[in-house]
Amino acid sequence: MSILIQLLLAFLSTIGFAILFSIPKKSICKSGIVGALGWITFYIISIHLNSYTSATFFAAIVVGILGELMARYYKKPATVYIIPGIVPLVPGAGMYYTMLALVSKDFYTAINKGTETFFIAAAISLGIIISTSLSRSIKRMKHKN
Numbered sequence: 453m454s455i456l457i458q459l460l461l462a463f464l465s466t467i468g469f470a471i472l473f474s475i476p477k478k479s480i481c482k483s484g485i486v487g488a489l490g491w492i493t494f495y496i497i498s499i500h501l502n503s504y505t506s507a508t509f510f511a512a513i514v515v516g517i518l519g520e521l522m523a524r525y526y527k528k529p530a531t532v533y534i535i536p537g538i539v540p541l542v543p544g545a546g547m548y549y550t551m552l553a554l555v556s557k558d559f560y561t562a563i564n565k566g567t568e569t570f571f572i573a574a575a576i577s578l579g580i581i582i583s584t585s586l587s588r589s590i591k592r593m594k595h596k597n
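Quick note on the numbering used here: the sequence shown kicks off at 453 and runs consecutively.
Below is the structure:
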């Protein structure tokens, strides 16, 4: 699938979840941009590093930083942009295949897929935590000066 189609689909899926999460109307397209840029980051890094976990980690950092920047600029909470923005990164297929393997009693595949899914979810969490902590540290340093 071409990168432009992936960009569009990530944008639309993020918008869909932004609407589902009752994001303010003026912020819906902006959160879509955050999600699309996060997905493109994931896509490009996964090609170069050949690791979904690392790509997800860096994409989550991008989503977190963009969410924090948009929150400051548009005077909204960062969660308005971050929560819908991580939706394209969530390992839904990994969870599905883990459960499918468990139901099929293929425990080796279930453990492999489950572990990979867990690490991807942890990478999302860690990326958001790092970007949020970085943003708050910079904000504190500005207020001290």
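Beta carbons are placed, not taken as given, at the ideal position from N, Cα and C, and that holds for glycine.
Where do the ends of the alpha helix (DSSP H) carrying residue i lie?
i: lysine 591; result: 559-596
i: proline 536; result: 531-537
i: valine 515; result: 504-526
i: methionine 547; result: 544-555
i: lysine 478; result: Note, lysine 478: premise wrong, no alpha helix (DSSP H); not H, not E.
i: phenylalanine 473; result: Taken as a continuous stretch (DSSP letters only), phenylalanine 473 belongs to no alpha helix (DSSP H), as it is neither H nor E.
In chain order, what residues of the same chain lie with their CB nearer than 6 Å to the CB of residue i, ignoring the 5 residues before and after it?
i: alanine 530; result: Gly519, Glu520, Ala523
i: leucine 578; result: none
i: phenylalanine 463; result: Gly484, Ala488
i: methionine 551; result: none
Spatial neighbours of residue i within its chain, please: CB distance less than 8 Å, with the 5 preceding and 5 following residues excluded, ordered by chain position.
i: valine 539; result: Ser465, Thr466, Phe469, Gly487
i: phenylalanine 559; result: Ala553
Taking residue i as the reference, give the member of the options with the closest Cα.
i: serine 454; options: Gly484, Trp491, Ile590; result: Trp491
i: serine 503; options: Lys596, Asp558, Thr569, Ile563; result: Thr569
i: lysine 527; options: Lys482, Leu578, Ser577, Lys596; result: Lys482
i: leucine 456; options: Thr493, Phe473, Ile580, Ser479; result: Thr493
i: alanine 507; options: Ala573, Ile480, His595; result: Ala573
i: glutamine 458; options: Lys478, Tyr495, Ser479, Lys594; result: Tyr495
i: glycine 546; options: Leu501, Ile480, Thr567; result: Thr567
Is the beta carbon of residue j closer than 9 Å to that of residue i?
i: proline 476; j: valine 515; result: no
i: tyrosine 549; j: threonine 561; result: yes
i: phenylalanine 510; j: isoleucine 499; result: no
i: serine 583; j: isoleucine 517; result: yes
i: lysine 565; j: alanine 553; result: yes
i: alanine 534; j: isoleucine 581; result: Note on identity: in this sequence residue 534 is isoleucine, with alanine being the wrong assignment. Not in contact: isoleucine 534 and isoleucine 581 (Cβ atoms no closer than 9 Å).
i: proline 536; j: phenylalanine 473; result: yes
Comparing the CB of residue i with every heavy atom of the ligand GDP, is any distance shorter than 8 Å?
i: lysine 477; result: The ligand GDP is not part of the structure shown, which contains no ligands of any sort.
With a CB to CB cut of under 7 Å and the five nearest residues on each side skipped, what residues in its chain are close to residue i?
i: isoleucine 513; result: Gly579, Ile582, Ser583
i: isoleucine 590; result: none
i: isoleucine 480; result: Ile467, Ala470, Ile471
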